[in-house]
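Q: Input: one structure, supplied below.
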Amino acid sequence: MTPGTEENPLRVAIVGSGPAGFYAAEQLLRADGVVAEVDVYDRLPTPFGLVRAGVAPDHPKLKSVIRVYEKTAAREGFRFFGGIEVGTHVTPAELAQRYHAVIYTYGTATDRQLGIPGEDLPGSHAATEFVAWYNGHPDFADARFDLSCERAVVIGNGNVAADVTRMLALPHEELAATDAADHAIEALRQSSIREIVVLGRRGPAQAAFTNPEVRELGEMTIADVIVDPAEVELDDASREFLASGAADPTNRRNVEILTEFARRKPQGKERRIVLRFRRSPVEIQGDGRVERIVVARNELYRDDEGNVRARDTGERETIECGLVLRSIGYRGVGIDGLPFDERRGVIPNEAGRVLDPGSGEPVPGVYAAGWIKRGPSGVIGTNKKDAQETVDSLLADLAAGRLPADADDPESVERFLSERQPSLVSYAGWEAIDAAERSRGEPQGRPRVKFVRVDEMVEVARSGAPA
Ligand code: FAD
Ligand code: NAP
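The numbering of the sequence shown is the numbering used here, which starts it at 596 and goes up by one.
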């Protein structure tokens, strides 16, 4: 009998409880004419992916999207299995045996590499690690960042670069009122960093910042924003780009905002954010740890397709610094037993249908959505449309009889998972963690004080009551 009825619901596993996972769950649970049951897995006891562990603590409004996900979690047919890492506790094959379909939405956990000498010197970190540390991701609870230097260099011109720059420039009182991890609030309180230099390899017209994020860098209470007028002056390639259809209003507005920054007189605030353009790191140097970064001056040109690219002029400068945060993008990692495109760092797919690398054909019942499907770009909302495309493919396959016919019943799946992971955390367990975190935050006027250790989270989830 085709699944999707009251007697035989469509049973789907979703691997990863970030935005893509939650949007896919919602779309399945409210699909017309299909009765679905959805189990959402996460390797952490806590759901919501980068909304909890990525979005900057000083942007609490952006986290209100969690209320939408809470409504999904309240739907009949939804279950959460926190603490299950697919690839460790269960294999893709074991999931495939137990569900009609599996959607992989496990995001992109690691960082892209610059590939320059000195990249791995102590004091040079991927922004992914710094972000996870200040947001209390349990994998990074014991990470250490030496903030005893006066100058930090952030590489990259995206919104993550803007986030980490703000975190280094926020006054203690502002940070202390957020849900940033306590260890980060304390370490940043003691920070000696007075200047944050942000390096963009191309020009202001090509910066990947969105307008509010770049504008915010000029609105910091204790940091001046400094831009050299010569570096925002448009070169020929950028002028042509801005005049062409390839540029969008965000590019144009960024140029206006950055040009206005270049006209400002520094007010002598205690910290400085220095935005540099057409500068690429070529080497990170130091005796046993980061002491300086060697930077190339680039010129811009348009390639045959009209893209503006950076080219090294051969000119060098050295910037003394003690901390380097490399913020040049996230990168997906493969799971054993699942197709993976190593070059692009994504699961190969067509409209969300995972493709067998050998035959190029879709693997029946296996799908992908979110960053692991399309790569690490786009805001939270982008994942809604992306998940819809995947869910549409899945529902079309269901209608066409292309899904595996059998699935296990919900109880036996739960028994199987509890054997594999005795510290399984249900959605009710997460709600207990959530309530405990909020009540810890209340006396301090903070949204929550996060638990940063998995064993603490599991204990609170088990006790079901605030700690
Ligand atoms: P993720 O959110 O990464 O979720 C993936 C989930 O899968 C995680 O919970 C992870 O624990 C889990 N997982 C990983 N591996 C496994 C496994 N093997 N088994 C089980 N579970 C696993 N967008 C905005 O709109 N506003 C912002 O302010 C904003 N800030 C951002 C800040 C940062 C630092 C970053 C990196 C991104 C930000 N974004 C923001 C973008 C937004 O967070 C992403 O578009 C979105 O989170 C991607 O969703 P996803 O579900 O694909 O992945
Ligand atoms: P991103 O937007 O792709 O930016 C990456 C930056 O790194 C670009 O400036 C890129 O420059 C640069 N870069 C790449 N390779 C480089 C190299 N080898 N050397 C020097 N620079 C290099 O990525 P992201 O900042 O990680 O953000 C990921 C996504 O999350 C984005 O869609 C972002 O908008 C979203 N996000 C949103 C928010 C928010 O809404 N507040 C906050 C954080 C993140 P080129 O352009 O020259 O390649």
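For every residue, glycine included, the Cβ atom is placed at its ideal position computed from N, Cα and C.
Keeping to the same chain, check which residues put their C-beta closer than 7 angstroms to that of Pro824; ignore five residues upstream and five downstream.
A: Ala857
Q: What I want to know is whether the C-beta of Pro971 ends up closer than 7 angstroms to one or more non-hydrogen atoms of the ligand NAP.
A: yes
Q: Anyone know if the C-beta pair for Thr816 and Pro655 falls short of 8 angstroms?
A: no
Q: Examine the ligand FAD and report whether any of its heavy atoms sits within less than 7 angstroms of the Cβ of Trp966.
A: Using a cutoff of 7 angstroms, the CB of Trp966 counts as near the ligand FAD, since one of the ligand's heavy atoms is closer than that.
Q: What separation, rounded to the nearest whole angstrom, lies between the Cα atoms of Glu886 and Thr805?
A: 31 angstroms
Q: Under the DSSP definition of a beta bridge, which residues are partnered with His720?
A: Leu920
Q: Indicate whether at least one CB of chain D lies closer than 8 angstroms to the CB of Ile698.
A: Absent from the structure: chain D. Only one protein chain is present.
Q: What do you reckon, is the C-beta of Leu893 under 7 angstroms from a heavy atom of the ligand FAD?
A: Leu is not the amino acid found at residue 893; the sequence shown has Asn there. It does not: the Cβ of Asn893 is nowhere closer than 7 angstroms to a heavy atom of the ligand FAD.
Q: Along the chain, which unbroken stretches of the beta strand (DSSP E) at least 3 residues long are found entirely within the segment 605 to 670?
A: 605 to 610, 631 to 637
Q: With a cut-off of 8 angstroms on the beta carbons, I'd call Val903 and Arg797 a contact; round off their distance for me.
A: 6 angstroms
Q: In whole angstroms, what is the alpha-carbon distance linking Pro1038 and Val1044?
A: 10 angstroms
Q: When the Cα atoms are used, what is the spatial distance from Leu989 to Pro999?
A: 12 angstroms
Q: Exposed or buried, what is Lys968 when buried is set at 16 or more other beta-carbons lying within 10 Å of its beta-carbon?
A: buried
Q: Strictly by DSSP, which residues pair up with Asp819?
A: Arg867
Q: Can you say whether Arg847 is buried or exposed, counting buried as having 16 or more other CB atoms within 10 angstroms of its CB?
A: By the Cβ-count criterion, Arg847 is exposed, with fewer than 16 other Cβ atoms from all chains shown falling within 10 Å of its own Cβ.
Q: Could you tell me if the beta carbon of Arg873 falls within a distance shorter than 7 angstroms of some heavy atom in the ligand HEM?
A: The model depicted lacks the ligand HEM and carries the ligand FAD and the ligand NAP instead.
Q: Give every residue of the same chain whose Cβ lies closer than 6 angstroms to the Cβ of Gly1024, excluding the five residues on either side of it in the sequence, and list them in chain order.
A: Ala1056
Q: Tell me where the beta strand (DSSP E) around Val749 begins and ends.
A: For Val749, the enclosing beta strand (DSSP E) stretches over residues 746 to 750.
Q: Could you please give the first and the last residue of the uninterrupted beta strand (DSSP E) stretch that includes Asn893?
A: 887 to 897 is the span of the beta strand (DSSP E), which, as asked, contains Asn893.
Q: Can you give the Cα-Cα distance for Arg859 and Leu870, rounded to whole angstroms?
A: 13 angstroms
Q: Tell me whether the segment 721 to 735 and the segment 921 to 929 touch, counting them as touching only if at least three CB pairs, one residue from each stretch, are closer than 8 angstroms.
A: yes
Q: Could you give the first and the last residue of the continuous beta strand (DSSP E) run that contains Arg674?
A: 673 to 677
Q: By Cβ distance, which residues of its chain are closer than 8 angstroms to Asp951, with the 5 residues on each side in sequence left out?
A: Pro934, Pro957, Val958
Q: Going by C-alpha to C-alpha distance, which of Leu993, Val877, Ile821 sits closest to Ile711?
A: Val877
Q: Kindly indicate the opening and closing residues of the alpha helix (DSSP H) around Val559.
A: Examination of residue 559 is not possible in this model, given that the chain is present from 596 through 1062 alone.
Q: So what does Arg875 bridge to, in DSSP terms?
A: The question names Arg, but residue 875 is Ser in the sequence shown. Ser875 is bridged to Ala891.
Q: Is there contact between the segment 807 to 822 and the segment 748 to 765, where contact requires at least three CB pairs shorter than 8 angstroms?
A: yes
Q: Where Glu714 and Pro807 are concerned, what is the direct C-alpha to C-alpha distance, given to the nearest angstrom?
A: 30 angstroms
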